[in-house]
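Counting from 286, one number per residue, gives the positions in the sequence shown under the working numbering. Even glycine gets a Cβ: it sits at the ideal position worked out from N, Cα and C. Below you'll find the structure, written out as structure tokens, and then a few comments.
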Amino acid sequence: MMNKNINKMLDVLLQQKDFITNKQLSELVGVTERSIRSYVAKVNESFNGEKLIVSNEKGYKIDKGKYDSKNISSNESDSDDEILFRIALLLINSVGYTQIDVIADQLSYSSESIRSKIQKLFLKIKQFDIGVSFESKIFTGVRLVGNEESKRLILEELVPLKIFSKEKLIYQLDNFFKDMTDIKEITQSVKMIDNTLTAHNCTVEYWTYVKLIIHIIIMNYRVKNHHYVTELTNYEDVVYEFSEYRLASSFIDDFQIGRTKEELLSLTYYLLALPLDITNPEIILNDETTISAIKETLFKAEKYFNIPVYSNENYQNQIVNHIARLLNPIKEKIPIFNPYFTELKHEYLFAYSISSFIYDDLKKRLSLSIPESEIAYLSIHIQLVLNEEKDGILKTLLIVNNKQIETKLIKNKVEMFFQNIHITQIVHDFETVDFNNFDLILTTIGEYPSPRYYRIDKLIHISRNFNSMDIQSVQRFISTIGTSNLIDNAEYFHINETSSIDAIEKLLELSGYSNLIDNFKDREKMSSTDVGNFTALPHPFLTKFSYNPKVIIGISDSDIIWGNQKVRLIIAYIPSEQLEVNKGFFRDVYVHTNNLETVLKLLKTKNKQNFIYVWNKERGY
Numbered sequence: 286m287m288n289k290n291i292n293k294m295l296d297v298l299l300q301q302k303d304f305i306t307n308k309q310l311s312e313l314v315g316v317t318e319r320s321i322r323s324y325v326a327k328v329n330e331s332f333n334g335e336k337l338i339v340s341n342e343k344g345y346k347i348d349k350g351k352y353d354s355k356n357i358s359s360n361e362s363d364s365d366d367e368i369l370f371r372i373a374l375l376l377i378n379s380v381g382y383t384q385i386d387v388i389a390d391q392l393s394y395s396s397e398s399i400r401s402k403i404q405k406l407f408l409k410i411k412q413f414d415i416g417v418s419f420e421s422k423i424f425t426g427v428r429l430v431g432n433e434e435s436k437r438l439i440l441e442e443l444v445p446l447k448i449f450s451k452e453k454l455i456y457q458l459d460n461f462f463k464d465m466t467d468i469k470e471i472t473q474s475v476k477m478i479d480n481t482l483t484a485h486n487c488t489v490e491y492w493t494y495v496k497l498i499i500h501i502i503i504m505n506y507r508v509k510n511h512h513y514v515t516e517l518t519n520y521e522d523v524v525y526e527f528s529e530y531r532l533a534s535s536f537i538d539d540f541q542i543g544r545t546k547e548e549l550l551s552l553t554y555y556l557l558a559l560p561l562d563i564t565n566p567e568i569i570l571n572d573e574t575t576i577s578a579i580k581e582t583l584f585k586a587e588k589y590f591n592i593p594v595y596s597n598e599n600y601q602n603q604i605v606n607h608i609a610r611l612l613n614p615i616k617e618k619i620p621i622f623n624p625y626f627t628e629l630k631h632e633y634l635f636a637y638s639i640s641s642f643i644y645d646d647l648k649k650r651l652s653l654s655i656p657e658s659e660i661a662y663l664s665i666h667i668q669l670v671l672n673e674e675k676d677g678i679l680k681t682l683l684i685v686n687n688k689q690i691e692t693k694l695i696k697n698k699v700e701m702f703f704q705n706i707h708i709t710q711i712v713h714d715f716e717t718v719d720f721n722n723f724d725l726i727l728t729t730i731g732e733y734p735s736p737r738y739y740r741i742d743k744l745i746h747i748s749r750n751f752n753s754m755d756i757q758s759v760q761r762f763i764s765t766i767g768t769s770n771l772i773d774n775a776e777y778f779h780i781n782e783t784s785s786i787d788a789i790e791k792l793l794e795l796s797g798y799s800n801l802i803d804n805f806k807d808r809e810k811m812s813s814t815d816v817g818n819f820t821a822l823p824h825p826f827l828t829k830f831s832y833n834p835k836v837i838i839g840i841s842d843s844d845i846i847w848g849n850q851k852v853r854l855i856i857a858y859i860p861s862e863q864l865e866v867n868k869g870f871f872r873d874v875y876v877h878t879n880n881l882e883t884v885l886k887l888l889k890t891k892n893k894q895n896f897i898y899v900w901n902k903e904r905g906y
């Protein structure tokens, strides 16, 4: 599958900050090094001399700026992609069952080949979960069953989006949709779409633009053949407040589709599922039951994660509006289009996990099935909240045996270098205070009165003049608050399991936490915990857990398919009651797994001591 592997290669490259070797890239994509060279050449060819993928002696690296603003394409459609689309189109246009031989004759394929393609189509349609079922009867044939809206969406999902280059868009659309339209009609349609978007001051990035064109082509074709949307899951008056409704209304009029309520609402819901840059007025949502459910979920999230998604009116309104606008598309099973899903999930680990918690709670309240692409979109809003929240003040204890003037200078110097450190108490004896009352303890005393103090990760020795080495030590602590001991106290195993759930179950069993398997499974059901670069971070929802935080490391002997990624490093995490510890650990994991070289070193470790050495070395310890 040429296009599928190219897309996989691009996903891997987008996760890297540095160059990645041909061998590493081929292992992650699951193809030969020769194939990688071929894919890179094919992608770069479509950029008219401008290289999207840069190569040197270190390997390959993607120019993310060009990826965001341009397109990646291959000049020809994958043969499987096209034949699956044509089979689906034939079946959707048929009234009853169609025999395999008839399909084979019409598409000029052998019956045996068509049977295998139909089986593949069946599996794809099942994965889409859009509301179309596949039925077959011996000696009778096969058929697709579903409402009109679902049939159109199935056709659209079968179109390999990234074969359409910006330079050859019209030609490639005509080539793919030759059974449905012609180049003259496509040219007119694209022009009308451009004019309508301009009239509504709506801008879109390239992939969203192509997606919209494809949707309009399929909608136009079906309506011309007298197939109309006649039933929808929801009718809500609030939709009329959205700018997407007015945009849909213009499209319906421009293409003379027939202004039925169902067609108009169906297109509106579809536009809501796209990342359009379109001005929306202040929306007054009138479904109080739904809005109340969203607010209750945000209140719960704030309670658990200590981020002001409920108490801050601005944050609350942004998130409520974002979720409420997407409820109708989600109920209609319209795929939420997110071209940067993999990148967002990888970079916003902690925000993504909070988003998963929010939608898990909301799906129970509203009986919804939430696509991962939408969880990733919500994580953008959560990340913005996390970014704007100031680091909490660290209540700090200073233990010294210095003179009063020296002590004052040390205090001033520490607080000058670290704005979020506030030394609230100064003592001269380890035994006189409760360490649990402080976030950080600094001491100039070299000899600790008991061996137990050497095991306290928040106790840091500093010199009398608080030099650059001391500053680095404190900074490392702040960057990984409460997490340094998690790896030191981790369980470490080599395993050989074939599935993600089996791997999690095995690790929990080996470490004595088998009773938590259902908690881990619930999180995986919501969204796979793969994070790229051969790594997965399975964990239960980050609610206030009644366990001490625990890390269980698994090195798999072979690749495990985990979501859409290959995984060999499994970092199972039982969260802390202290959310700052969880946030710090997720950040720590991202720092390590974002560097493929580090992951590969960790995968080569043979024991826990070796793993800790590599991990801490990369961290700077």
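Check: Using a Cβ-Cβ distance under 9 Å, would L557 count as near chain C?
Finding: Note that chain C does not occur in the displayed structure, where there is just one protein chain.
Next item on the list: Identify whether A857 lies in helix, strand or coil by the three-state DSSP scheme.
Entry: Here DSSP, grouped into helix, strand and coil, assigns A857 to strand.
Check: In whole angstroms, what separates the C-alpha of S398 from that of S796?
Finding: Here the alpha carbons of S796 and S398 stand approximately 49 Å from one another.
Note to self: Report the CB separation of Y530 from T493 in whole angstroms; it is logged as a contact under 8 Å.
What the structure shows: That belief does not hold up - the Cβ atoms of Y530 and T493 are roughly 18 Å apart, past 8 Å.
Note to self: Strictly by DSSP, which residues pair up with E420?
What the structure shows: R428
Item checked: Where E776 sits in the DSSP three-state scheme -> strand
Check: Three or more beta-carbon pairs under 8 Å between the region 644-654 and the region 317-324, yes or no?
Finding: Contact fails: fewer than three Cβ-Cβ distances are below 8 Å.
Notebook entry, point to check: Any heavy atom of the ligand GTP within a distance shorter than 8 Å of the CB on I655?
Noted result: The ligand GTP is not among the ligands present in this structure, which contains no ligands whatsoever.
Note to self: Suppose you measure from the CA of S362 to the CA of P445; what does that come to, to the nearest Å?
What the structure shows: Caution applies to S362, whose pLDDT of 42 falls short of 50 and renders its modelled position unreliable; the value that the coordinates give is listed next. Pairing S362 with P445, the inter-Cα distance amounts to about 7 Å.
Check: Mind checking P834: buried by the 16 CB within 10 Å criterion, or exposed?
Finding: Buried, since its Cβ has 16 or more Cβ neighbours within 10 Å.
Check: Leaving out the 5 sequence neighbours to the left and right, which residues in its chain are closer than 8 Å to I708 when beta-carbon positions are compared?
Finding: T681, L682, L683, K696, V699, E700 and L727
Item checked: C-alpha gap between L822 and Y382, whole angstroms -> 46 Å
Check: According to DSSP, which residues form a beta bridge with V712?
Finding: V712 is bridged by DSSP to I684.
Notebook entry, point to check: Can you list, in chain order, the residues of its chain whose CB lies under 7 Å from that of E441, leaving out five sequence neighbours each side?
Noted result: I499, H500 and I503
Check: Which residues bound the beta strand (DSSP E) around A389?
Finding: Taken as a continuous stretch (DSSP letters only), A389 belongs to no beta strand (DSSP E), being part of the alpha helix (DSSP H) at I385 to L392.
Next item on the list: Pick out whichever of K469, L549, E342 and L443 has its Cα sitting closest to the Cα of I455.
Entry: For I455, the nearest C-alpha among the options comes from K469.
Checklist line | Buried or exposed (CB count within 10 angstroms, at least 16 for buried), M811 | finding: buried
Check: Would S359 be called buried (16 or more neighbouring beta carbons within 10 Å of its own) or exposed?
Finding: Bear in mind that the predicted position of S359 carries a pLDDT of just 40, short of 50, making it unreliable; the figure below should be weighed with that in mind. Result: buried.
Margin query: Between the alpha carbons of Y336 and Y662, how many angstroms are there, rounded?
Written below: This sequence places Lys at residue 336; Tyr is not what is there. Each residue's alpha carbon lies about 29 Å from the other.
Notebook entry, point to check: Which partner residues of H500 appear in the DSSP bridge assignment?
Noted result: Paired residues: none, contrary to the question.
Checklist line | CB contact flag (F871, L647, <9 Å) | finding: no
Item checked: Check whether I305 and L881 have beta carbons under 9 Å apart -> yes
Check: With C-beta atoms as the reference, is G848 less than 9 Å away from S784?
Finding: no
Next item on the list: Return the chain-ordered list of same chain residues with a C-beta closer than 6 Å to the C-beta of N477, the five sequence neighbours on each side being excluded.
Entry: According to the sequence as given, residue 477 is Met; it is not Asn. Excluding residues within five positions, the ones whose Cβ falls inside 6 Å are D539.
Next item on the list: Take the Cβ of D366 as the centre, count every other Cβ of all protein chains shown within 10 Å, and call the residue buried at 16 or more, exposed below.
Entry: buried
Notebook entry, point to check: Rounded to a whole number of angstroms, what is the C-alpha to C-alpha distance between E776 and H746?
Noted result: 28 Å
Notebook entry, point to check: Taking the C-alpha atoms as reference points, what is the distance between F407 and L375?
Noted result: Those two C-alpha atoms are separated by around 14 Å.
Notebook entry, point to check: So what's G817 in DSSP terms, helix, strand or just coil?
Noted result: strand
Note to self: Could you check whether I415 and L438 sit closer than 9 Å to each other, using their CB atoms as the reference points?
What the structure shows: yes
Item checked: Rounded separation between I987 and N800 - CA only -> In this structure the chain extends from 286 to 906, so residue 987 is not present and cannot be described.
Checklist line | Other residues of its chain near P624: CB distance less than 6 Å, five sequence neighbours each side excluded | finding: W492
Next item on the list: Might you give, ordered along the chain, the residues of its own chain that have their beta carbon closer than 8 Å to the beta carbon of P656, omitting 5 neighbours on each side?
Entry: I615, P620 and I621
Checklist line | Start and end residues, alpha helix (DSSP H) containing V328 | finding: It spans E318 to E330 - the alpha helix (DSSP H) in which V328 sits, taken as one unbroken run.
Checklist line | Test item: CB-CB of H909 and E433 under 9 Å | finding: Nothing about residue 909 can be read from this structure; the chain reaches only from 286 to 906.
Next item on the list: From the DSSP output, in three-state form, read off V380 for me.
Entry: coil
Margin query: Quick test of your reading: L559 and C487, contact by CB under 8 Å. State the CB separation rounded to the nearest angstrom.
Written below: That belief does not hold up - the Cβ atoms of L559 and C487 are roughly 10 Å apart, past 8 Å.
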